[in-house]
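Q: For the sequence shown, the numbering used here begins at 91 and goes up steadily by one.
Where a beta carbon is used, it is the ideal one built from N, C-alpha and C, also for glycine.
Small disclaimer: the values here were computed from a predicted structure and weren't measured.
One structure coming up, written as structure tokens, with questions to follow.
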Amino acid sequence: MSGSIAQGMSQTHGNTHILHFVVRLPWRMEDVWPAVATAEGLAAWCTPADVLEPRLGGAVVLGGLGSGQVTAWDVDRVAEYTVEGGGRLRFHLERDGDGSALRFTHEFQGEEETEQRWRTRFELLIEYMGPAGL
Numbered sequence: 091m092s093g094s095i096a097q098g099m100s101q102t103h104g105n106t107h108i109l110h111f112v113v114r115l116p117w118r119m120e121d122v123w124p125a126v127a128t129a130e131g132l133a134a135w136c137t138p139a140d141v142l143e144p145r146l147g148g149a150v151v152l153g154g155l156g157s158g159q160v161t162a163w164d165v166d167r168v169a170e171y172t173v174e175g176g177g178r179l180r181f182h183l184e185r186d187g188d189g190s191a192l193r194f195t196h197e198f199q200g201e202e203e204t205e206q207r208w209r210t211r212f213e214l215l216i217e218y219m220g221p222a223g224l
């Protein structure tokens, strides 16, 4: 039982780039939530989270991406982090049959991120969740 990573979509508006992914996961939203909304979860597959205050307006420091704040927070559904230099990362979970769909958006300036880098991260997420989920 594993997830699937749909083809990413990329848009560019001037110097702003937007990556979109839909990752279908065989686990319930509430089981995936800790992987996108806790420092331990993010560190396991995405990037170290040196600080993560789990609330709207909370401070966040994502290693390699920068520091900023939580700009959207809806428990078990939406976690969005906006960091200086790293842009905006939005994790939006939706029910998808017996599992869930993770709709991911990364809006950033410059050329720092690539679709392949995020695809690799999502493969790590699926591996991290394991056969039975966390």
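Within 10 angstroms of the Cβ of L152, are there 16 or more other Cβ atoms? Answer buried if so, exposed if not.
A: By the neighbour-count definition (other C-beta atoms within 10 Å, threshold 16), L152 is a buried residue.
Q: Within the chosen definition, does the stretch 135–152 reach the stretch 163–171 through at least 3 CB pairs nearer than 8 Å?
A: Contact between the stretch 135–152 and the stretch 163–171 is established, with three or more Cβ pairs separated by less than 8 Å.
Q: Select from V160, Q159 and W123 the residue whose C-alpha is nearest the C-alpha of L192.
A: W123
Q: Can the beta-carbon of R180 be found closer than 8 Å to that of T195?
A: yes
Q: According to the neighbour-count rule (16 or more other Cβ atoms, all chains shown, within 10 Å of its Cβ), is S190 buried or exposed?
A: S190 is buried by the Cβ-count criterion.
Q: Could you spell out the range, first to last residue, of the alpha helix (DSSP H) harbouring G189?
A: Looking at the DSSP string, G189 is not in any alpha helix (DSSP H); the run it does join, the beta strand (DSSP E), is G189 to Q199.
Q: Identify the residues that DSSP records as bridge partners of G177: which are they?
A: V173
Q: For a quick check, are the C-beta atoms of V112 and A125 less than 8 Å apart?
A: no
Q: What are the start and end residues of the alpha helix (DSSP H) that includes L214?
A: E205 to M219
Q: Could you give the DSSP three-state label for L183: helix, strand or coil?
A: Annotated three-state conformation of L183 is strand, per DSSP.
Q: Could you tell me the boundaries of the alpha helix (DSSP H) in which A127 lies?
A: M119 to A127
Q: By alpha-carbon positions, which one of D188, T106, D140 and H110 ends up nearest to M99?
A: H110
Q: Whose CA, out of D188, Q206, G131 and G200, lies closest to the CA of A169?
A: G131
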